[in-house]
Amino acid sequence: MLEDLLEGAGRSIVFGIVGIGLMALGYLLIDVLTPGKLRDLIFVERNPNASLLLAANQLGIAAIVTTAIFTSYSDFGQGLASTVLFGIIGIGIMALAFLVLDWMTPGKLGEVICTPERHGGALVSAASHFGAALIVCACIS
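With this note's numbering applied, the sequence shown covers 1023 to 1163.
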């Protein structure tokens, strides 16, 4: 019984590290898609638009990782590989959703996200990110 508990704890640590790594990759994605440094926009300038977009991105990635873990293979290695794969696919789909929304709307969405006043475009972009993540979650089985 102790052996099973320790094995489960070890797997939790590994999946946790993978999840945090994927969330860090999602952070970098938002940083690339928006002008300026995301770190300064959120933590120095307290930009509500950039904060909302990043929060939706992080929650979306967490949902993908959680879904991948819940539905993962019984083999630890396969489960870990599928979690990484679906996480990267999800991040790519969210980037595509951002670019498609940017193409469909006037101006540059990245600049809208960086404006200091609340902007409805940020809410739409955040919903698009999270919606894209939910679509990936539904595809995992």
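Just so it is clear, CB atoms sit at the ideal spot from N, CA and C, and this is done for glycine as well.
Run through the segment 1044 to 1119 for me and flag every whole alpha helix (DSSP H) of 4 or more residues, listed as ranges in chain order.
1060 to 1065, 1070 to 1092
In angstroms with no decimal places, state the Cα-to-Cα distance between Gly1109 and Leu1076.
Start at 1 with the first residue of the sequence shown, and residue 1109 comes out as number 87. Start at 1 with the first residue of the sequence shown, and residue 1076 comes out as number 54. Straight-line Cα distance between these residues: approximately 16 Å.
Quick check on DSSP: helix, strand or coil for Ser1034?
Locating residue 1034 in the sequence shown gives position 12, where the first residue counts as 1. The answer is helix: DSSP assigns Ser1034 an H, G or I state.
Using the rule of at least 16 other Cβ atoms within 10 Å of the residue's Cβ for burial, across every protein chain shown, is Asp1124 buried or exposed?
Looking up residue 1124 in the sequence shown gives position 102. Label assigned to Asp1124: buried.
Would you check if the segment 1138 to 1147 and the segment 1079 to 1086 touch, i.e. whether three or more CB-CB distances between them fall below 8 Å?
no
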